[in-house]
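Notes to accompany the following structure.
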Amino acid sequence: MNFIIKPTLEAIKQIYNEEIAESVINIQETRKEFEGQVTIVVFPITKISKKSPEETAKAIGEYLVEHVAEVTAFNVVKGFLNLSIADSYWLNLFNTELLSDDFGKIKSNGQKVMVEYSSPNTNKPLHLGHVRNNLLGYSVAELLKADGYEVFKVNLVNDRGIHICKSMLAWEKWG
Numbered sequence: 231m232n233f234i235i236k237p238t239l240e241a242i243k244q245i246y247n248e249e250i251a252e253s254v255i256n257i258q259e260t261r262k263e264f265e266g267q268v269t270i271v272v273f274p275i276t277k278i279s280k281k282s283p284e285e286t287a288k289a290i291g292e293y294l295v296e297h298v299a300e301v302t303a304f305n306v307v308k309g310f311l312n313l314s315i316a317d318s319y320w321l322n323l324f325n326t327e328l329l330s331d332d333f334g335k336i337k338s339n340g341q342k343v344m345v346e347y348s349s350p351n352t353n354k355p356l357h358l359g360h361v362r363n364n365l366l367g368y369s370v371a372e373l374l375k376a377d378g379y380e381v382f383k384v385n386l387v388n389d390r391g392i393h394i395c396k397s398m399l400a401w402e403k404w405g
């Protein structure tokens, strides 16, 4: 939503012949019950415009629709300027994110996780269930990595099958 700050500053400069700091511009997501995707809180700007919030919002909205290709429409609700943003803007934003190497990833949160999966018995043949567990374990580990965890994948070899039990029993009885 930061893409609208500079055009809003330019609108204020052109309409009211005043320059203000970026920090004065308060941009929010539009509430669901109103039309639009981006809302500019106009109350702080009324000090410069010396007009009502509705008049100030209308003037800025008209400027933005005329000069910013991404802004397709606006409506004013009291001191709030709700802007409708073109679908093409959202599609371009999504495509840019999708094509980046970090799509869906979150910065590391410093937590470590160990994922243990697929520990087949080495004395028995592998079957489809082992393949499934390998893929599930790998997928869970990759999802956790994307969620910011440091992941350690562990595959313990399970060689403690019936042959070990028989050997232990034989040792106890005849060893």
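Sequential numbering of the sequence shown, starting at 231, is according to our numbering.
Every residue, glycine too, gets a C-beta built ideally from N, C-alpha and C.
The structure presented is a predicted model; accordingly, all values stated were derived computationally and were not measured.
* **Contact check, residue 272 vs residue 287, beta carbons under 7 Å** => Position 42 of the sequence shown holds residue 272. Position 57 of the sequence shown holds residue 287. Yes, they are a contact pair.
* Counterpart residues of residue 240 in DSSP-defined beta bridges -> Reading the sequence shown from its first residue, position 10 is the one you call residue 240. DSSP output for residue 240 lists no bridge partner at all.
* Alpha-carbon to alpha-carbon, residue 257 and residue 189 -> The chain is shown only over 231 to 405; residue 189 falls outside these bounds and no answer can be derived.
* Nearest-angstrom Cα distance between residue 384 and residue 392? -> As a working mapping, residue 384 is identified with position 154 in the sequence shown. As a working mapping, residue 392 is identified with position 162 in the sequence shown. Approximately 23 Å between the Cα atoms of the pair.
* Of all the options 347, 318, 298 and 264, which has the alpha carbon lying nearest to the alpha carbon of residue 237? -> If you number the sequence shown from 1, residue 237 lands on position 7. Of the candidates 347, 318, 298 and 264, the one whose C-alpha sits nearest the C-alpha of residue 237 is 298.
* Asked: residue 311 and residue 301: beta carbons closer than 7 Å?
  -> Reading the sequence shown from its first residue, position 81 is the one you call residue 311. Reading the sequence shown from its first residue, position 71 is the one you call residue 301. Not in contact: residue 311 and residue 301 (Cβ atoms no closer than 7 Å).
* Asked: Hey, out of 250, 255 and 341, whose CA is closest to residue 269's CA?
  -> On the sequence shown, position 39 is the one that residue 269 refers to. Scanning 250, 255 and 341 for the CA closest to the CA of residue 269 turns up 255.
* Bounding residues of the alpha helix (DSSP H) (the contiguous stretch that carries residue 400) -> What you label residue 400 is simply residue 170 of the sequence shown in a count that begins at 1. 392-404 is the span of the alpha helix (DSSP H), which, as asked, contains residue 400.
* To do: Check whether the Cβ atoms of residue 405 and residue 336 sit closer than 7 Å, and answer yes or no.
  => On the sequence shown, residue 405 is found 175 positions in, with the first residue counted as 1. On the sequence shown, residue 336 is found 106 positions in, with the first residue counted as 1. Contact: no.
* Asked: On the three-state DSSP scale, how would you describe residue 303?
  -> Here residue 303 corresponds to residue number 73 of the sequence shown, with the count starting at 1. Residue 303: strand per DSSP, three-state reduction.
* **Distance, residue 242 Cα to residue 406 Cα** => A query on residue 406 cannot be resolved here, the shown segment of the chain reaching from 231 to 405 and no further.
* Selection from 361, 280 and 402 that minimises the alpha carbon distance to residue 247 -> Taking the sequence shown and counting its residues from 1, the one referred to as residue 247 is at position 17. With distances taken between Cα atoms, residue 247 lies closest to 280.
* To do: Excluding the 5 residues preceding and the 5 following residue 356 in the sequence, name in chain order all residues of the same chain whose CB lies nearer than 6 Å to its CB.
  => For the purposes of this step, residue 356 is identified with residue 126 of the sequence shown, where counting begins at 1. Hits under 6 Å: 350.
* Alpha carbon to alpha carbon, how far is residue 240 from residue 338? Give it in angstroms, no decimals. => Along the sequence shown, one-based indexing puts residue 338 at 108. Along the sequence shown, one-based indexing puts residue 240 at 10. Residue 338 and residue 240 have their C-alpha atoms roughly 38 Å apart.
* Asked: Based on the DSSP secondary-structure assignment, which residues constitute the bridge partners of residue 346?
  -> Indexing the sequence shown from 1 puts residue 346 at position 116. By DSSP's assignment, residue 346 forms a beta bridge with 384.
* To do: Using DSSP bridges, identify the partner residues of residue 358.
  => Locating residue 358 in the sequence shown gives position 128, counting from the first residue. DSSP lists no partner for residue 358.
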